[in-house]
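Worksheet for the structure shown next.
Chains as they are written, first to last, in our numbering: chain A, 1 to 265; chain B, 1001 to 1359.
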């Protein structure tokens, strides 16, 4: 499926025929995706369809074949440090070390920019503080990350990813552990940062309603292949959800907003 | 990119990152200095502190003062107490820093410096040296520390080779299991030798209990180069260890090459532990308890834990050695017994006070 022309291809994130094998099994099978700079592509698909693997391949965390370019630059050829200054990832289940303060945790995002001794400079610290204040976390910056509630903790992890000053932000199920209010809060915050800073976002979603409301475009992944691509309203239909998720739903549209309502048979 | 401009208010409220401040360093140095001083002044032969001070001042270049000490007393200071104190500082600092480093790499606060076969290797080396009679003579060249050091190096080397070809990425669990297997193998060989040469049992046993015995400055000079190299590497890696605290995959996503850091730190920490064990036997608990105590005070950042463990470990061992040689003076207790005797209850106390998943 050709989703883009070559003129576009130099402007955004361009994944060309990428494949990922895990333990001998192909989990991502020749997927091509293009995300224009500053846009937000939501990847949806049932469990095990390969959403996370695509994100991890873009971040360079799993071996993958195929082309990975951003603004004409080949991501695959970059050493980890350089790649980390372009791509940051909010993992689905982040490792939060005990007894580490919010400010220290967020400063980990500066790792790709630090010198040999990994000592953050005053500029790094100021940047971290400014992101913390943006995310309304400045008053808790001396507390331990492990002491925080789910919503606060997720904001801290996003703060770390933003302090990395990425051009591409990868979100792996960023709202799974959150209640509805915090889900919206976190996604609004990410979207605001995207608009302000022109960050390109690629995210994996379980929640179809949220995926359709926040992404600027959508890809449906089934068994490691792109089954559909385009506007959320085109992809999310009662029929598709029945065939692919085996789910019974009704879909409500309110302007450009889509809501997926599960229905008991 | 547009990032919000900071106001002064942010700068004040924004939390202070973990940094090795002058204040922390001063406190740690003071603790170290007082411990060393106490150790220098107290002993079976009592010597007045002011005389010791003058005696030391006398040895500074360009200073000549009569301390009033007899030749024997001066020799006790220079050839008995000082080398032993310096060796205690080195061994304590090495064990504590090696422990802190292993704990950082394995992300487990109960990892100790003997984890990957250092202890078993040194034990076998020492047993072979004792059984072959290479270590009995007075004034003779003592092969025991060298044999123990080589034993440690071989054991850790095998663990690293088996646990994953050096440089390649393997899980730390594989490495730990390899360490357990290598330790069993070496201990089995050691037991076999002891069975055949039962006359060596007592000597091997006394070595295992740990002892800071010095013959002048020989031991200090022997381990000093390894101490300097290994501590330098571990200090340089302390920031990287903080990144590694979020796991190898996230560390990679932050631009770190985790396997590189892992191998360098493991090599340095094992070298440090092997050097310490070679001259002091198996001193328990220092490598776990000191970094843990430091963490309780300053938090988990390795930027602080690694350098402060060096100071506090050194002070701790010198103080326990002071107890070991004065409690039943003129007889000496094995220092390993003293560290465990005071260390274990302290550890239990800590466990009870903070069972919130921190340790």
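Backbone N, C-alpha and C define an ideal beta-carbon position, used for all residues, glycine too.
Check: Is the CB of residue 1303 of chain B under 9 Å away from at least one CB in chain A?; Outcome: yes
Check: Hey, could you find the ends of the beta strand (DSSP E) residue 87 of chain A is sitting in?; Outcome: 87-90
Check: Measuring only the C-alpha atoms, how far is residue 1139 of chain B from residue 1112 of chain B?; Outcome: At residue 1139 of chain B, the pLDDT of 41 sits below 50, so the modelled position is not reliable and the matter cannot be decided from this model.
Check: Just to make sure I have the definition right: I need the residues of chain B whose C-beta is within less than 7 Å of the C-beta of residue 51 of chain A. Which are they?; Outcome: Going along chain B, no residue has its Cβ under 7 Å from residue 51 of chain A, so there is no contact; the nearest lies around 17 Å.
Check: Let me check understanding here. Comparing Cα to Cα, which of A/258, A/235, A/217, A/265 lies closest to residue 201 of chain A?; Outcome: A/217
Check: Going along chain B, which residues have a C-beta under 8 Å from residue 117 of chain A?; Outcome: 1236, 1239
Check: Would you mind giving the Cβ-Cβ distance between residue 175 of chain A and residue 187 of chain A, rounded to the nearest angstrom? I have them listed as a contact below 8 Å.; Outcome: 7 Å
Check: Going straight from the alpha carbon of residue 21 of chain A to that of residue 224 of chain A, what length do you get?; Outcome: 10 Å
Check: Taking the alpha carbon of residue 1090 of chain B as the point to measure from, which residue in B/1215, B/1309, B/1227, B/1099 has its own alpha carbon closest?; Outcome: B/1227
Check: Residue 109 of chain A and residue 57 of chain A - do their beta-carbons sit closer together than 9 Å?; Outcome: no
Check: In chain B, which residues lie with their C-beta within 9 Å of the C-beta of residue 201 of chain A?; Outcome: Within 9 Å Cβ-Cβ: nothing; residue 201 of chain A doesn't reach chain B, min ~15 Å.
Check: Per DSSP, which one or two residues make a beta bridge with residue 1204 of chain B?; Outcome: Partner(s): none; residue 1204 of chain B has no beta bridge.
Check: Would residue 1281 of chain B and residue 1186 of chain B be called neighbours here (beta carbons separated by less than 9 Å)?; Outcome: no
Check: Looking at the C-beta of residue 1017 of chain B, does it have a partner C-beta in chain A at a distance below 9 Å?; Outcome: yes
Check: For residue 1276 of chain B, tell me which candidate among B/1231, B/1184, B/1051 has the shortest Cα-Cα distance.; Outcome: B/1231
Check: For residue 125 of chain A, which option in A/77, A/243, A/164, A/30 has the closest C-alpha, if you only look at C-alpha atoms?; Outcome: A/164
Check: Given that a residue counts as buried once 16 or more other Cβ atoms are within 10 Å of its Cβ, and exposed if not, what is residue 1210 of chain B?; Outcome: buried
Check: In three-state DSSP terms, what is residue 147 of chain A?; Outcome: helix
Check: Starting from the beta carbon of residue 991 of chain B, find every residue of chain A whose beta carbon is closer than 9 Å, and list them in chain order.; Outcome: Look at the range of chain B in this structure, 1001 to 1359, and you will see that residue 991 of chain B is not part of it.
Check: Looking at the secondary structure, which residues open and close the alpha helix (DSSP H) in which residue 225 of chain A lies?; Outcome: Careful: residue 225 of chain A lies outside any alpha helix (DSSP H), inside the beta strand (DSSP E) at 225-230.
Check: Does chain A have any CB closer than 9 Å to the CB of residue 1171 of chain B?; Outcome: no
Check: Quick check: what's the CA-CA separation for residue 113 of chain A versus residue 105 of chain A?; Outcome: 15 Å
Check: Can you tell me whether residue 1205 of chain B is buried or exposed? The criterion is at least 16 other CB atoms within 10 Å of its CB, across all chains shown.; Outcome: exposed
Check: Whole angstroms is fine: what's the gap from residue 48 of chain A's alpha carbon to residue 1262 of chain B's?; Outcome: 31 Å
Check: Anything in chain A within Cβ reach of residue 1132 of chain B, meaning under 7 Å, just list it in chain order.; Outcome: Simply none; closest approach about 45 Å.
Check: Please determine if the region 227-239 of chain A and the region 69-86 of chain A are in contact, where contact requires at least 3 C-beta pairs separated by less than 8 Å.; Outcome: no
Check: Once you ignore the five residues that flank residue 1290 of chain B on each side, which residues in its own chain have a CB closer than 6 Å to its CB?; Outcome: 1096, 1309, 1312, 1313, 1316
Check: Identify the contact partners of residue 142 of chain A in chain B, using a Cβ-Cβ distance below 8 Å as the criterion.; Outcome: 1015, 1016
Check: Can you name the start and end residues of the alpha helix (DSSP H) that residue 1263 of chain B belongs to?; Outcome: 1258-1280
Check: Does any residue of chain B have a CB that is nearer than 9 Å to the CB of residue 149 of chain A?; Outcome: no
Check: Within the 9 Å Cβ cut-off, does residue 19 of chain A reach chain B?; Outcome: no
Check: Would you identify the three-state DSSP class for residue 1158 of chain B, choosing helix, strand or coil?; Outcome: helix
Check: For chain A, is any of its Cβ atoms less than 9 Å away from the one on residue 1253 of chain B?; Outcome: yes
Check: Which value, in whole angstroms, describes the spacing of the CA atoms of residue 1167 of chain B and residue 240 of chain A?; Outcome: The predicted model places residue 1167 of chain B with a pLDDT of 47, which falls under 50 and marks its position as unreliable; any figure quoted below should be read in that light. Cα-Cα distance, rounded: 48 Å.
Check: In chain A, which residues lie less than 7 Å from residue 1247 of chain B when you measure between Cβ atoms?; Outcome: 95
Check: Run through DSSP, which three-state label would residue 234 of chain A get?; Outcome: helix
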